[in-house]
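Engineer:
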Amino acid sequence: MRATTLCYIERGNEYLMLHRTKKVGDANHDKWLGIGGGIEPNETPDACLLRECLEETGLTLTSYKARGIVHFRSDKWEDEEMYLYTADGFTGDIRVCDEGDLEWIDKDRLYDLTLWAGDRIFLERIRTDCPYFDLTLNYRGETLVSAVMDGVALPL
């Protein structure tokens with residue numbers, strides 16, 4: 017099982033989003049995501065978050081918050097445990113990312129982007145400042161077939 021982090025970096029009413037277009041064989045190809053990646057051996061989720069944000073964006077986070085954990089289950093890809101964060105403080109300048117194109121997106125435009133169905137669920141939770149949550153998303157191929165938050169099944 018993979019362990020990863022994902023962060024939505026905030027600037028006013030915008031999130032820094034990554035349009036995944038450059039990696040060959042990317043399960044997230046053409047999707048818009050926050051910033052993150054795989055946790056390395058002996059690395060904490062917080063350390064991974066800081067490393068991945070710097071590597072992918074050129075930004076050093078100075079203020080961030082753990083928002084929840086998301087369990088991805090799939091019949092097509094390896095299962096994943098993802099530590100979800102938001103960040104509202106950073107230094108540095110955005111640089112070119114080798115995984116796709118970075119763009120500041122107004123939070124009201126997020127749902128116009130090509131997102132995973134499950135991402136829409138947790139994005140709504142972080143946008144409304146929901147307390148820390150535990151979310152399980154079950155996929156069949158690219159189709160979300162069930163979602164359970166804090167032990168309660170969600171309508172799809």
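Residue numbers for the sequence shown follow our numbering, so the first one is 17 and each next one is one higher.
Glycine residues also receive a C-beta, built at the ideal position from the N, C-alpha and C atoms.
Because the structure is a prediction, the values reported are computed rather than measured.
Is the stretch 28–36 touching the stretch 46–57 in the sense that three or more CB pairs, one from each, lie closer than 8 Å?
Structural biologist: The stretch 46–57 vs the stretch 28–36: in contact.
Engineer: Buried or exposed, going by whether 16 or more other CB atoms sit within 10 Å of the CB of His45?
Structural biologist: So His45 counts as exposed.
Engineer: Please go through the same chain and pick out, in chain order, the residues whose beta-carbon is closer than 6 Å to the beta-carbon of Leu170, but skip the five residues on each side of it.
Structural biologist: Hits under 6 Å: Ala163.
Engineer: Mind the definition here: the stretch 84–91 touches the stretch 144–157 only if three or more C-beta pairs lie below 8 Å; say whether that holds.
Structural biologist: Verdict: yes, contact present.
Engineer: Can you tell which of Arg89, Thr60 and Arg125 has its C-alpha closest to the C-alpha of Val161?
Structural biologist: Minimum Cα distance to Val161 is reached at Arg89.
Engineer: In the stretch 92–158, which residue ranges form an unbroken beta strand (DSSP E) of at least 3 residues, counting only runs that do not cross its ends?
Structural biologist: Taking only runs of at least 3 residues, the beta strand (DSSP E) segments lying wholly in the stretch 92–158 are 96–107, 116–122 and 149–156.
Engineer: Closer than 7 Å by C-beta to Asp166: which residues in its own chain qualify, once you throw out the five before and the five after it? Chain order, please.
Structural biologist: The residues are Phe149 and Asp150.
Engineer: Counting along the chain, where does the alpha helix (DSSP H) carrying Leu66 start and finish?
Structural biologist: Unbroken alpha helix (DSSP H) run through Leu66: Pro61 to Thr73.
Engineer: Output yes or no for whether 8 Å exceeds the beta carbon distance between Arg111 and Gly74.
Structural biologist: Their beta carbons are under 8 Å apart, which means Arg111 touches Gly74 by this criterion.
Engineer: List the residues that DSSP assigns as beta-bridge partners of Ile51.
Structural biologist: Bridge partners of Ile51: Cys23.
Engineer: Tell me whether Leu32 sits in a helix, a strand or coil according to DSSP, three-state version.
Structural biologist: In the structure shown, Leu32 sits in a strand (DSSP, three-state: E or B).
Engineer: Is Pro61 buried or exposed, if buried means 16 or more other CB atoms sit within 10 Å of its CB?
Structural biologist: The residue is buried, with at least 16 neighbouring Cβ atoms inside 10 Å.
Engineer: Rounded to the nearest angstrom, how far is the Cβ of Ala133 from that of Cys23, given a contact under 8 Å?
Structural biologist: Not really, about 20 Å apart at Cβ, beyond 8 Å.
Engineer: Identify which residue in Phe106, Cys113, Thr107 and Tyr101 has its Cα closest to the Cα of Arg141.
Structural biologist: Nearest of Phe106, Cys113, Thr107 and Tyr101 to Arg141, Cα basis: Tyr101.
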